[in-house]
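See structure below.
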Amino acid sequence: MDYEVWSNTGKVIIELTTIYFAHPWIKRKQTELLIDKMKKIGYEVFEPFSYEIVLTRKWFSGNGSFNICKEIVNKDINLIKKSDIVVASVPTYKTIGTIAEIFYAGYIKKKPVYILSNLGYYKKKHPWLYYAKIFNKEEDLLKELEIINGKEIKK
């Protein structure tokens, strides 16, 4: 399925083929399966930690200077700009980076944002997530991505 947007010259149709996958560092290993499933549907997936592993390790080791932090954020922003969709995994604990990525992608860049979380109640209660679609189950998120892409997961 294509994504319709309106510009000052009229309706523009965009094919959605790339996903920026926002998630906390601690969930990195657990998300590899979901990344593989999104790729099987036909998406190119930008996983930020794979692009900035050396910088992230420096930051976690306590050597996170302002320049390293700035470089991490700028790399994330550039990957979000290159993506068509943002999928975010939001666990039950707080994750500042993922929330910032959701805000930037949805509110600033007006990209479709899909959140996978068991915090689904926030969709109605929290005004900052009005532009995102929240899924409580991975299979529901994947079905939505299949519809958008027009393909079923290759088994």
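With the numbering used here, letter number 4 in the sequence shown gets 109, and the count goes up by one each step, no holes.
Note that CB positions come from ideal geometry on N, CA and C, so glycine has one too.
Could you give the C-beta distance for I124 and V192, rounded to a whole number, given that I count them as a contact under 8 Å?
-> Right, their Cβ atoms sit about 5 Å apart.
Tell me where the alpha helix (DSSP H) around E251 begins and ends.
-> E243 to N254
Simplified DSSP assignment, three categories, for E109 = In this predicted model, E109 has a pLDDT of only 49, less than 50, meaning its place in the structure is not dependable enough to derive any value.
Nearest-angstrom Cα distance between W164 and C174?
-> Between the alpha carbons of W164 and C174 lies a gap of roughly 7 Å.
Following the continuous alpha helix (DSSP H) through K175, name the residue where it begins and the one where it ends.
-> Residues F171 to K187.
Tell me where the beta strand (DSSP E) around E149 begins and ends.
-> E149 to F151
In whole angstroms, what is the alpha-carbon distance linking K216 and N223?
-> 22 Å
Sub-8 Å separation of L221 and K142 beta-carbons = no
Thinking C-alpha only, which one of L121, T122, E137 and Y236 is nearest H128?
-> E137
Distance CB(I185)-CB(Y209) smaller than 8 Å | In this structure, the beta-carbon distance from I185 to Y209 falls below 8 Å.
What did DSSP end up calling T123 once you bin it into helix, strand or coil?
-> Here T123 sits in strand by DSSP.
Helix or strand or just coil, what does DSSP make of S194?
-> Three-state DSSP puts S194 in a strand.
Report the residue from N241, K214, F171 and I182 whose alpha carbon sits nearest the alpha carbon of F154.
-> I182
Would you call the CB atoms of Y235 and I190 closer than 8 Å?
-> no
Mark V195 as exposed unless 16 or more other C-beta atoms lie within 10 angstroms of its C-beta, in which case mark it buried.
-> buried
Identify, in the order they occur along the chain, each residue of the same chain with its Cβ nearer than 8 Å to the Cβ of T161, setting aside the five sequence neighbours on each side.
-> W130, F154 and I177
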